[in-house]
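Below is one structure; the comments refer to it alone.
Number of protein chains: 2
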Amino acid sequence: MRVVVPYGAADPKTRLSPVLDAGERRALAAAMCRDVCEAVQASGGDPEVLATATGRVPVDAPVRRDERSLTAAVNAVLAATEDDVAVVMADLALATPDALGRLFDADGEVVLAPGLGGGTNALVCRHPAFRVDYHGASVRDHRAAAREVGARLRELDSFRLATDVDDPSDLAEVLLHGDGEAREWVADRFDLAVDGGRVGVARTGN
Amino acid sequence: MRVVVPYGAADPKTRLSPVLDAGERRALAAAMCRDVCEAVQASGGDPEVLATATGRVPVDAPVRRDERSLTAAVNAVLAATEDDVAVVMADLALATPDALGRLFDADGEVVLAPGLGGGTNALVCRHPAFRVDYHGASVRDHRAAAREVGARLRELDSFRLATDVDDPSDLAEVLLHGDGEAREWVADRFDLAVDGGRVGVARTGN
Numbered sequence: 001m002r003v004v005v006p007y008g009a010a011d012p013k014t015r016l017s018p019v020l021d022a023g024e025r026r027a028l029a030a031a032m033c034r035d036v037c038e039a040v041q042a043s044g045g046d047p048e049v050l051a052t053a054t055g056r057v058p059v060d061a062p063v064r065r066d067e068r069s070l071t072a073a074v075n076a077v078l079a080a081t082e083d084d085v086a087v088v089m090a091d092l093a094l095a096t097p098d099a100l101g102r103l104f105d106a107d108g109e110v111v112l113a114p115g116l117g118g119g120t121n122a123l124v125c126r127h128p129a130f131r132v133d134y135h136g137a138s139v140r141d142h143r144a145a146a147r148e149v150g151a152r153l154r155e156l157d158s159f160r161l162a163t164d165v166d167d168p169s170d171l172a173e174v175l176l177h178g179d180g181e182a183r184e185w186v187a188d189r190f191d192l193a194v195d196g197g198r199v200g201v202a203r204t205g206n
Numbered sequence: 207m208r209v210v211v212p213y214g215a216a217d218p219k220t221r222l223s224p225v226l227d228a229g230e231r232r233a234l235a236a237a238m239c240r241d242v243c244e245a246v247q248a249s250g251g252d253p254e255v256l257a258t259a260t261g262r263v264p265v266d267a268p269v270r271r272d273e274r275s276l277t278a279a280v281n282a283v284l285a286a287t288e289d290d291v292a293v294v295m296a297d298l299a300l301a302t303p304d305a306l307g308r309l310f311d312a313d314g315e316v317v318l319a320p321g322l323g324g325g326t327n328a329l330v331c332r333h334p335a336f337r338v339d340y341h342g343a344s345v346r347d348h349r350a351a352a353r354e355v356g357a358r359l360r361e362l363d364s365f366r367l368a369t370d371v372d373d374p375s376d377l378a379e380v381l382l383h384g385d386g387e388a389r390e391w392v393a394d395r396f397d398l399a400v401d402g403g404r405v406g407v408a409r410t411g412n
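Dropping the structure here:
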């Protein structure tokens with residue numbers, strides 16, 4: 001199976017701007033991408049980074065560049081590949097080899113791992129006609145797209161793959177459940193902030 | 207296995223107040239509790255509602271009343287039960303028989319299903335000395351508590367069990383992934399609101 005990890009390096013993670021400056025956001029995005037690639041490798045896969053923006057990709061894995069939109073770049077891979085393809089987002093800081101193994105092993109011609117808020121954080125495609133569209137509530141659109149081409153659809157129930165790191169509150173999930181470089185990076189700068197309801201983060205004194 | 211579903215009926219889901227009035231919050235909480243009990247039944251379990259507040263419990267399942275705190279009420283059950291005990295929160299509107307089956311079947315003397323923001327949305331206890339504490343980042347505390355009593359710990363990786371319905375944004379998850387009474391209730395009142403980033407909800411015209 002070909003495992004593609006899309007990575008937009010130029011100005012990543014803008015929704016983290018309230019708590020991280022541009023350099024920090026680039027550093028965290030790179031750390032997460034390395035963690036994801038390592039988890040793919042540990043699950044037995046060979047990750048290939050799909051860089052959808054200019055800029056250095058500081059990851060020890062083959063890099064393919066396609067500076068069109070995420071959707072266009074992924075669809076170009078799907079169209080050009082006869083083998084099964086997995087697409088795993090680079091900001092899944094909680095991804096483990098186990099969770100990715102469940103994804104890769106799930107049967108179904110299209111396997112979707114939903115993200116929080118309607119995204120599609122990871123997928124496996126084993127159907128020649130299936131194409132992605134990452135705008136809006138993409139998991140809903142991908143279900144419809146799979147039905148449209150007659151692909152057997154399966155959804156993977158994984159909290160670790162559902163949790164992409166987009167909003168400041170996601171940094172709490174990294175502290176609570178991560179165990180890679182990104183977790184260490186966040187822990188150097190933030191503590192959990194517990195004050196009723198869901199836990200958040202607060203900058204540490206450093 | 208004894209399956210306990212804690213349910214605080216008096217003024218539930220206060221964090222949904224920005225979008226739902228008190229009567230609506232009670233109706234949604236009751237619908238979710240019925241959905242959870244049905245999913246437990248469909249997975250082969252016999253749910254028992256643990257009512258931690260006064261008020262009617264409009265659910266077709268045995269009800270045990272204990273109006274102390276959630277923590278005290280659950281610990282009383284754990285102390286009084288020699289059999290294995292599962293504790294499944296009543297607001298897991300995405301829970302399916304499959305996800306609950308994975309929880310009940312997971313080995314480990316303590317099995318934790320983390321919730322978003324550090325909660326513990328469901329657990330299985332097969333160790334006589336383990337006790338809960340639902341304050342703060344409870345999943346972290348429950349890991350420590352399991353270690354302290356020497357219980358073999360396992361965590362269940364489930365998006366469906368991680369998603370409790372507490373914040374308005376969770377209503378979007380119900381629309382996207384639910385299929386029970388609660389989903390229908392939310393769909394009668396809200397639409398998905400897609401505007402970049404994670405999807406939210408907006409009141410419909412009704």
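Same order as they appear, the protein sequences are chains Z and Y. To convert, note that position 56 of the first sequence is 56 in the working numbering; the numbers rise steadily by one, no gaps. To convert, note that position 162 of the second sequence is 368 in the working numbering; the numbers rise steadily by one, no gaps. Ideal Cβ placement from N, Cα and C applies to all residues, glycine included.
Between the alpha carbons of residue i and residue j, how many angstroms are there, rounded?
i: Ala182/Z; j: Leu298/Y; result: 29 Å
i: Arg353/Y; j: Ala80/Z; result: 50 Å
i: Arg2/Z; j: Pro128/Z; result: 14 Å
i: Ala29/Z; j: Gly55/Z; result: 13 Å
i: Leu318/Y; j: Leu362/Y; result: 6 Å
i: Gly324/Y; j: Val74/Z; result: 33 Å
i: Ser169/Z; j: Pro18/Z; result: 11 Å
i: Arg395/Y; j: Asn327/Y; result: 26 Å
i: His142/Z; j: Asp272/Y; result: 45 Å
i: Val132/Z; j: Val392/Y; result: 28 Å
i: Arg366/Y; j: Gly321/Y; result: 9 Å
i: His135/Z; j: Gly402/Y; result: 8 Å
i: Asp290/Y; j: Arg360/Y; result: 15 Å
i: Arg346/Y; j: Leu192/Z; result: 11 Å
i: Arg198/Z; j: Asp372/Y; result: 9 Å
i: Val194/Z; j: Val174/Z; result: 15 Å
i: Gly101/Z; j: Ala144/Z; result: 25 Å
i: Leu300/Y; j: Val124/Z; result: 23 Å
i: Val201/Z; j: Val149/Z; result: 43 Å
i: Ala10/Z; j: Val4/Z; result: 19 Å
i: Gln247/Y; j: Pro303/Y; result: 8 Å
i: Gly44/Z; j: Phe104/Z; result: 10 Å
i: Pro62/Z; j: Asp46/Z; result: 9 Å
i: Ala278/Y; j: Gly178/Z; result: 30 Å
i: Thr369/Y; j: Leu284/Y; result: 24 Å
i: Val242/Y; j: Leu377/Y; result: 16 Å
i: Arg332/Y; j: Val294/Y; result: 15 Å
i: Glu109/Z; j: Ala86/Z; result: 11 Å
I want to verify the contact list: residues of chain Z whose CB lies under 7 Å from the CB of residue i, in sequence order.
i: Phe413/Y; result: The requested residue 413/Y does not occur in the structure, where chain Y is confined to residues 207 to 412.
i: Arg346/Y; result: Leu176
i: Ala237/Y; result: None at all; the shortest Cβ gap to chain Z is about 22 Å.
By the criterion of Cβ-Cβ separation under 8 Å, what are the contact partners of residue i in chain Z?
i: Gly324/Y; result: Ala172, Leu176, Leu192, Val194, Arg198, Val199
Who are the neighbours of residue i on chain Z, taking C-beta pairs under 9 Å?
i: Ser375/Y; result: Leu116, Gly117
i: Ala194/Y; result: Summary: the structure shown does not reach residue 194/Y, with chain Y confined to residues 207 through 412, and so no result is reported for it.
Using a Cβ cut-off of 7 Å, pull out every chain Y residue sitting near residue i, in sequence order please.
i: Arg235/Z; result: Since the first and last residues shown for chain Z are 1 and 206, residue 235/Z lies out of range.
What does residue i reach in chain Y if we use C-beta pairs closer than 9 Å?
i: Asp166/Z; result: Gly403, Arg404
Opposite residue i in the DSSP bridges: which residues?
i: Leu318/Y; result: Leu329/Y, Glu361/Y
i: Pro6/Z; result: Leu50/Z
i: Arg203/Z; result: Phe190/Z
Taking C-beta pairs closer than 8 Å, name the residues in chain Y that residue i reaches, listed in chain order.
i: Gly136/Z; result: Val400, Val405
Could you tell me whether the Cβ of residue i comes closer than 8 Å to any Cβ of chain B?
i: Ala76/Z; result: Here chain B cannot be found, since the structure's protein chains are Z and Y.
Which runs of the alpha helix (DSSP H), 4 residues or longer, sit entirely within the segment 117–175 of chain Z?
138–148, 159–162
Whole alpha helix (DSSP H) runs in the segment 21–103 of chain Z with 4 or more residues, listed along the chain?
22–42, 70–80
Could you pull out every unbroken alpha helix (DSSP H) segment of at least 4 residues lying fully inside the segment 380–407 of chain Y, listed in chain order?
387–393
If contact means a Cβ-Cβ distance below 7 Å, which residues of the segment 53–79 of chain Z contact chain Y?
none
Relative to chain Z, which residues along the segment 212–223 of chain Y have a C-beta separation below 9 Å, given in chain order?
Arg221
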